[in-house]
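Student: Chains as they are written, first to last, in my numbering: chain A, 1 to 233; chain B, 234 to 466.
From the three backbone atoms N, C-alpha and C, an ideal C-beta is built for every residue, glycine too.
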DNA sequence: AAGATGTATATGTATGAACATAATGACGTG
DNA sequence: CACGTCATTATGTTCATACATATACATCTT
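#1: Closest Cβ-Cβ distance between residue 175 of chain A and chain B: below 8 Å?
#2: Check whether chain B comes within 8 Å of residue 131 of chain A, counting only Cβ atoms and requiring the distance to be less than that.
#3: Restricting to Cα atoms, I'd like to know which of B/420, B/294, B/342 is closest to residue 264 of chain B.
#4: Decide yes or no for the touch test of the segment 363 to 374 of chain B against the segment 325 to 342 of chain B: beta carbon pairs closer than 8 Å, at least 3 of them.
#5: Can you grab the Cα-Cα spacing for the pair residue 259 of chain B / residue 21 of chain A, in whole Å?
#6: I need the boundaries of the beta strand (DSSP E) containing residue 449 of chain B, first residue and last residue.
#7: With a threshold of 16 other CB atoms inside 10 Å of the CB of residue 234 of chain B, please say whether the residue is buried or exposed.
#8: Measuring only the C-alpha atoms, how far is residue 65 of chain A from residue 12 of chain A?
#9: I'd like to know whether the C-beta atoms of residue 206 of chain A and residue 231 of chain A end up nearer to each other than 8 Å.
#10: Check each candidate in B/278, B/400, B/435 and name the one with the smallest Cα separation from residue 186 of chain A.
#11: Please state whether DSSP places residue 362 of chain B in a helix, a strand or coil.
#12: Does the structure place the segment 208 to 222 of chain A close enough to the segment 166 to 177 of chain A that three or more beta carbon pairs sit under 8 Å?
#13: For residue 377 of chain B, tell me which candidate among B/343, B/296, B/262 has the shortest Cα-Cα distance.
#14: Using three-state DSSP, classify residue 394 of chain B as helix, strand or coil.
#15: Could you name the residues that DSSP lists as bridge partners for residue 315 of chain B?
#16: Inspect the CB distances between the segment 312 to 322 of chain B and the segment 74 to 91 of chain A and report whether three or more fall short of 8 Å.
#17: Counting contacts by CB-CB distance shorter than 8 Å, is residue 111 of chain A in contact with chain B?
#18: With distance defined between alpha-carbon atoms, name the residue in B/290, B/247, B/326, B/307 nearest to residue 172 of chain A.
#19: Judging by CA-CA distance, which residue of B/370, B/327, B/379 is the nearest neighbour of residue 349 of chain B?
#20: Report the rounded CA-to-CA distance for residue 217 of chain A versus residue 127 of chain A, giving the unit in angstroms.
#21: Could you tell me the distance, in whole angstroms, from the CA atom of residue 416 of chain B to the CA atom of residue 249 of chain B?
#22: Pick out whichever of A/159, A/68, A/158, A/124 has its Cα sitting closest to the Cα of residue 148 of chain A.
#23: Quick check: what's the CA-CA separation for residue 90 of chain A versus residue 233 of chain A?
#24: How would you call residue 309 of chain B, buried or exposed, if buried means at least 16 neighbouring beta carbons within 10 angstroms?
#25: How would you label residue 161 of chain A, buried or exposed, when you count the other beta carbons within 10 angstroms and need 16 or more for buried?
#26: In the DSSP assignment, find the unbroken alpha helix (DSSP H) run with residue 116 of chain A in it and report its ends.
#27: Got a sec, what are the start and stop residues for the beta strand (DSSP E) residue 145 of chain A sits in?
#28: Indicate the three-state DSSP secondary structure (helix, strand or coil) for residue 155 of chain A in the structure shown.
#29: Among residues of its own chain, excluding the 5 on either side of residue 122 of chain A, which ones have a beta-carbon nearer than 8 Å to its beta-carbon?
#30: State the beta-bridge partners of residue 101 of chain A as determined by DSSP.
#31: Would a check of beta-carbon distances place residue 194 of chain A closer than 8 Å to chain B?
#32: Residues of chain A with CB under 8 Å from residue 462 of chain B, in chain order?
#33: In its own chain, which residues sit with a C-beta less than 7 Å from the C-beta of residue 227 of chain A, not counting the 5 before and 5 after it?
#34: Of the choices B/272, B/448, B/455, B/252, whose alpha-carbon is the least far from that of residue 212 of chain B?
#35: Starting from residue 435 of chain B, find everything on chain A with Cβ-Cβ shorter than 7 Å and list it in chain order.
#36: Beta carbon of residue 426 of chain B, beta carbon of residue 392 of chain B: below 8 Å?
Laid out in structure tokens, this is it:
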């Protein structure tokens with residue numbers, strides 16, 4: 001008697017991945033029930049469940065009670081990317097980090113920002129513009145609105161040691177956000193800030209951050225020319 | 234005796250989320266062991282494990298054997314975005330989809346593409362340029378290299394009914410890819426294709442798709458001015 | 001003091017059993 | 001035929017138990 005090999009849920013996942021990849025099970029097909037698979041592969045149903053649940057989370061399978069499990073017809077590929085601190089992003093490239101606050105004042109937000117932040121129309125909010133530098137060269141220019149009602153402690157902060165980005169991450173918990181990626185054509189102001197020519201294409205990230213139902217901050221990051229955001233699946 | 238309430242793993246997750254959110258457990262803190270939590274909350278350790286595993290996957294907790302579980306110090310926020318078919322993306326906005334193949338020929342890839350695709354230097358590959366239209370207006374311009382060695386069947390395909398994007402998704406399985414997002418300044422060629430002015434900032438997605446260790450295709454998508462990519466967490 | 005070895009411990013995984021839940025499909029009623 | 005009812009069934013969850021595995025920490029060796 002050879003020693004009984006224990007089947008791990010990862011092994012089950014690989015087996016299922018292979019069968020899908022080799023088109024044994026084609027997109028749209030129902031695959032065998034958990035109980036059948038468990039018996040075939042020689043493991044408990046819970047193990048099969050663990051494996052299939054993971055594949056469903058990854059979007060490769062679709063599962064419905066009573067109906068069964070089928071291979072996703074048009075797998076919507078999902079990519080995931082990390083949103084690091086700007087400091088961490090710069091330092092991870094081995095470059096020297098610095099930031100300087102260009103502007104910090106109370107100001108009435110324009111209507112689009114009011115809407116995004118869900119704040120009343122006649123209340124001023126904190127507006128901060130910051131330039132982040134890598135090895136002394138402009139890296140990204142940040143224009144940020146901060147909800148003073150939600151974060152009163154920010155009133156006494158000058159962001160000299162900690163940038164707005166870093167300060168908020170450290171001080172304020174958040175649980176959700178919207179992200180919009182786009183490209184803009186550099187205006188002369190933006191070109192001046194980033195030391196590039198007006199008219200260059202620049203990568204832009206707009207982000208709105210929430211906590212407990214409130215909008216904490218709304219920020220636009222305009223990156224230096226040639227900036228790339230990378231991810232893989 | 235009141236009926237015993239069963240504790241679900243979601244309930245455990247919510248409890249833990251709250252304690253983190255309310256800073257009962259601060260970033261960097263160790264949280265109680267699974268066994269202790271299970272006893273405190275009145276459920277099995279497996280249930281706590283299920284809950285904490287999920288939070289660790291979400292990046293909120295860090296777990297290490299023997300060491301224990303701690304609240305992530307600088308939670309790297311991860312956003313996930315879907316990568317739909319171009320047809321689906323256009324039609325989901327209620328617009329009319331169309332595409333037209335501008336160029337289709339065998340060609341020797343430039344060195345950077347050779348490197349990305351991991352193909353020999355002296356072998357020609359299929360090069361296809363396609364314009365995708367929404368309600369008749371240019372939506373995105375695609376320049377694609379297809380690995381003929383990996384996908385010989387593509388030799389007889391003219392991409393009239395199915396665009397390269399759609400054809401490949403339908404015909405070829407894939408299991409990985411690299412994504413690079415950036416912004417470019419429109420050249421006069423690109424401006425002509427997308428009916429915009431030269432010099433406008435354009436959003437660009439470069440993607441390389443793999444299957445079974447081989448690179449299937451490498452593609453650059455140049456989007457129309459004003460295009461936005463959205464996601465939320 | 002530096003390095004090798006051993007042990008305790010927290011998380012990770014596997015299992016069988018039981019029950020929960022959703023949803024399909026069959027059946028019966030108006 | 002339209003519609004509500006109900007049994008069936010596949011996935012979803014909980015539990016107790018057992019064992020696996022990584023690793024922090026103590027202890028022993030040189």
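Tutor: On the basis of the supplied data:
#1: yes
#2: No, no contact with chain B.
#3: B/294
#4: Taking a contact to require three or more Cβ pairs closer than 8 Å, the segment 363 to 374 of chain B and the segment 325 to 342 of chain B qualify as touching.
#5: 43 Å
#6: 447 to 456
#7: With a pLDDT of 42 at residue 234 of chain B, under the threshold of 50, the modelled position of this residue cannot be trusted; read the value that follows with caution. With fewer than 16 Cβ atoms within 10 Å of its Cβ, residue 234 of chain B is classed as exposed.
#8: Between residue 65 of chain A and residue 12 of chain A, the C-alpha separation is close to 20 Å.
#9: Remark: C-beta atoms of residue 206 of chain A and residue 231 of chain A do not approach each other more closely than 8 Å.
#10: B/435
#11: strand
#12: yes
#13: B/343
#14: Here residue 394 of chain B sits in coil by DSSP.
#15: A/78
#16: yes
#17: no
#18: B/307
#19: B/379
#20: 10 Å
#21: 40 Å
#22: A/124
#23: 23 Å
#24: exposed
#25: exposed
#26: Run containing residue 116 of chain A: 111 to 117, per the alpha helix (DSSP H) assignment.
#27: 137 to 146 is the extent of the beta strand (DSSP E) around residue 145 of chain A.
#28: helix
#29: 108
#30: A/130
#31: Chain B, which has no Cβ nearer than 8 Å to the Cβ of residue 194 of chain A, makes this no.
#32: 180, 181, 182
#33: Around residue 227 of chain A: 203.
#34: Any property of residue 212 of chain B remains undetermined from this structure, which presents chain B solely from 234 to 466.
#35: 183, 201
#36: no
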